[in-house]
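Asks: Take this structure, written in structure tokens, and hold onto it; I'll ask about it next.
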Amino acid sequence: MPAQHTKTVTVSKNGVGRAPGRLLHGIALGFERQPGLASVCCLLFICVTTFSVFAPSFLSVSNFLTILRQNAAAFISAAAMTFVITTGGIDLSIGAVAAFSGIAMAVLATFWHMPPLLAVAGALCAGAVAGAVNGLLITRVGMAPFIVTLATMSVFRGLSLVTAQGYSLPLPEDSALLEWAGRGWIGPVPVPALIMLFCVAAASITLHRTRFGRYVTGIGSNQEGVRRTGVNVRRVSLIVYVFSGLAAALSGVIMAGRLGSASSNIGVGFELDVIAAVVLGGTSLTGGYGSVIGSALGILTLACLKNGLILAHISPFLTQIFTGLITLGAIWINMSLKGRDLFGIRKNRDDR
502 MPAQHTKTVT VSKNGVGRAP GRLLHGIALG FERQPGLASV CCLLFICVTT FSVFAPSFLS
562 VSNFLTILRQ NAAAFISAAA MTFVITTGGI DLSIGAVAAF SGIAMAVLAT FWHMPPLLAV
622 AGALCAGAVA GAVNGLLITR VGMAPFIVTL ATMSVFRGLS LVTAQGYSLP LPEDSALLEW
682 AGRGWIGPVP VPALIMLFCV AAASITLHRT RFGRYVTGIG SNQEGVRRTG VNVRRVSLIV
742 YVFSGLAAAL SGVIMAGRLG SASSNIGVGF ELDVIAAVVL GGTSLTGGYG SVIGSALGIL
802 TLACLKNGLI LAHISPFLTQ IFTGLITLGA IWINMSLKGR DLFGIRKNRD DR
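In the working numbering, the protein residues as written are 502 to 853.
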């Protein structure tokens, strides 16, 4: 009996000793398979560590919840943009669609006196229609995603300006539900953060755990091969752009609710931050690979950067400079780790 007891203790000690090593080995393998995720985690760690030194309040729970509340719209659109870029496309119109949808919600609620839920539904429908327009022009007409969404960005921004006449449209005073969606709380958690967490989780499961997600990834890596297996590539791509428009509309609803009014200036430059975060999170600009969690970490990194600069009493205007530099650095790191050039072509060892 004593001998058996000693042996059991020895095995237990070995198991305890090996567990951290196995955990670290698993993390290392995960980062090796997803180098973009590793780079964004490192950048996030650097941001958090640096700003926690210069601004002690940076690590407070209230500040973290503020970051989530203020950037919930960006998280949602980044999750949808991951699908678009994974297929090899891009959507530059999401900021304009967010403004257009917010204006539509304000018009329906304020001037047409629709119930708040119907006003939100109308805004989401407007975003879905905008996404469908992009998708049809790309999949049916055969125009390049960059050109199509660049043009529709101007169109939807112009429609917002014409509808609002350049003014902000206040939400009705009795529309507490609309403002609750943008700045309400459920217990200690902001409502926009809860909406964001649900959307990011649903998008991540859809991309990585469903057949539709495999189609999205396959279209980006080998569109012709996916088509030959019987998949309707046009329909999948159309759904992706509708999804992007719907997410942009939800972002517009949240931003308008947080501000208490809808403005044609909502979402200016929004698309650039979202695309930068998606690329920062490791999604390939050439398509074929995407990570919703990586995109969410990218948004969190940029949000922490912006928030930390303000708390550290450093000019927030430097955010755009840092965002551009970080994006370039992330692309370079991802290409280096994957052994590919800018066009996704694998380099030979002799060429390095």
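Cβ atoms here follow ideal geometry from the backbone N, Cα and C, with glycine treated the same way.
These numbers come from a predicted model, not from an experiment.
Enumerated in chain order, which unbroken segments of the alpha helix (DSSP H) with a length of 4 residues or greater are wholly contained in the region 718-765?
Replies: Listed in chain order, the complete alpha helix (DSSP H) runs (minimum 4 residues) inside the region 718-765 are 734-760.
Asks: For the putative contact between Ser765 and Ala600, defined by C-beta atoms under 8 Å, what is the C-beta separation to the nearest angstrom?
Replies: One-based indexing of the sequence shown puts residue 765 at position 264. One-based indexing of the sequence shown puts residue 600 at position 99. Correct: roughly 5 Å between the Cβ atoms.
Asks: Just how far apart, CA to CA, sit Ala633 and Val649?
Replies: Locating residue 633 in the sequence shown gives position 132, where the first residue counts as 1. Locating residue 649 in the sequence shown gives position 148, where the first residue counts as 1. C-alpha separation (whole angstroms): 12 Å.
Asks: Report the start-end ranges of each beta strand (DSSP E) in the region 653-710 that is 3 residues or longer and not cut off at the edges.
Replies: Runs found: none.
Asks: Leaving out five residues on either side along the sequence, give the residues of the same chain with a beta carbon under 6 Å from the beta carbon of Asp592.
Replies: The sequence position of residue 592 within the sequence shown is 91, counting from 1. The residues are Val585, Thr650 and Ser745.
Asks: Can you give the Cα-Cα distance for Phe647 and Gly590, rounded to whole angstroms?
Replies: The residue given as residue 647 occupies position 146 in the sequence shown. The residue given as residue 590 occupies position 89 in the sequence shown. Distance between the alpha carbons of Phe647 and Gly590 is about 8 Å.
Asks: Take every Cβ of the region 656-671, pair it with every Cβ of the region 538-546, and state whether three or more of those distances are shorter than 8 Å.
Replies: Flag = no, the region 656-671 and the region 538-546 do not touch.
Asks: I'd like the list of long-range same chain contacts for Gly758, defined as Cβ closer than 6 Å, with 5 residues on each side in sequence excluded.
Replies: Residue numbering aside, residue 758 sits at position 257 when the sequence shown is read from its first letter. Around Gly758: Leu679, Glu680, Ala682 and Gly683.
Asks: What's the call for Val780, buried or exposed, on a 16-neighbour Cβ count within 10 Å?
Replies: The residue labelled residue 780 in the question sits at position 279 within the sequence shown. Buried is the call here.
Asks: Check whether the region 601-617 and the region 805-813 touch, using three or more Cβ-Cβ pairs below 8 Å as the test.
Replies: Result no; under three Cβ-Cβ pairs closer than 8 Å.
Asks: Just to confirm my understanding: we take Asn572, look at its own chain, exclude 5 residues before and 5 after, and list those with CB closer than 7 Å. What are they?
Replies: By 1-based counting over the sequence shown, the position of residue 572 is 71. Ile800 and Ala804, listed in sequence order.
Asks: Check each candidate in Gly643, Arg641 and Ala631 and name the one with the smallest Cα separation from Thr653.
Replies: The sequence position of residue 653 within the sequence shown is 152, counting from 1. Nearest option by C-alpha distance: Ala631.
Asks: Would the beta-carbon of Val775 fall within 8 Å of that of Thr588?
Replies: Locating residue 775 in the sequence shown gives position 274, where the first residue counts as 1. Locating residue 588 in the sequence shown gives position 87, where the first residue counts as 1. Going by C-beta atoms, Val775 is not nearer than 8 Å to Thr588.
Asks: For Thr551, which of helix, strand or coil comes out of DSSP?
Replies: Locating residue 551 in the sequence shown gives position 50, where the first residue counts as 1. Helix at Thr551.
Asks: Using the three-state DSSP reduction, which class does Val645 fall into: helix, strand or coil?
Replies: Residue numbering aside, residue 645 sits at position 144 when the sequence shown is read from its first letter. The sequence given here has Ala at residue 645, not Val. The answer is coil: DSSP assigns Ala645 none of H, G, I, E or B.
Asks: Taking 7 Å as the limit between beta carbons, can you name the residues of its chain near Val734, skipping five residues before and five after?
Replies: Translated into the one-based positions of the sequence shown, residue 734 becomes position 233. Only Ile720, Gln724, Val727 and Arg728 meet the Cβ criterion.
Asks: Express the C-alpha separation of Leu637 and Gly795 in angstroms, rounding to a whole number.
Replies: Reading the sequence shown from its first residue, position 294 is the one you call residue 795. Reading the sequence shown from its first residue, position 136 is the one you call residue 637. Computed Cα separation, rounded: 28 Å.
Asks: Find the nearest neighbour of Asn444 within the set Ala605, Leu739, Val793 and Phe713, judged by alpha-carbon distance.
Replies: Because the chain in this structure spans residues 502 to 853, residue 444 falls outside the shown range and cannot be described.
Asks: With DSSP as the reference, label Ala600 as helix, strand or coil.
Replies: Working through the sequence shown from its first residue, we reach residue 600 at position 99. Residue state, collapsed to three classes: helix.
Asks: Please name the residue in Ala556, Pro557 and Ala580 whose C-alpha comes closest to that of Thr707.
Replies: The residue you call residue 707 lines up with position 206 of the sequence shown. Here the closest residue by C-alpha is Ala580.
Asks: Quick one, which of Ala575, Tyr716, Val549 and Thr784 has its alpha-carbon nearest Ile834's?
Replies: The residue labelled residue 834 in the question sits at position 333 within the sequence shown. Residue Thr784 is the option with its Cα nearest to Ile834.
Asks: Using 8 Å as the Cβ pair cut-off and three pairs as the minimum, do the region 688-703 and the region 746-756 touch?
Replies: Enough Cβ pairs lie closer than 8 Å, so yes.
Asks: Cα separation between Pro689 and Pro557?
Replies: Here the question's residue 689 lines up with position 188 in the sequence shown. Here the question's residue 557 lines up with position 56 in the sequence shown. Those two C-alpha atoms are separated by around 21 Å.
Asks: Output needed for Ser854: all residues of its chain with C-beta closer than 6 Å, excluding positions within five of it in sequence on either side, in chain order.
Replies: Residue 854 lies beyond the range of the chain shown here (502 to 853); nothing can be said about it.
Asks: Using CA atoms only, rank isn't needed, just tell me which of Gly628, Val717 and Thr787 is closest to Val598.
Replies: For the purposes of this step, residue 598 is taken as residue 97 along the sequence shown, with counting starting at 1. It is Gly628.
Asks: What alpha helix (DSSP H) runs, 4 residues minimum, are completely inside the region 552-622?
Replies: The qualifying runs are 562-571, 573-587 and 595-607.
Asks: Please identify the residue among Gly761, Thr820 and Gly809 whose C-alpha is closest to the C-alpha of Gly770.
Replies: Along the sequence shown, read from residue 1 onward, the residue named residue 770 stands at position 269. Nearest option by C-alpha distance: Thr820.
Asks: Out of curiosity, what's the CA-to-CA distance linking Thr828 and Phe576?
Replies: Residue 828 sits at position 327 when you count from the first residue of the sequence shown. Residue 576 sits at position 75 when you count from the first residue of the sequence shown. Answer to the nearest angstrom: the Cα atoms are 17 Å apart.
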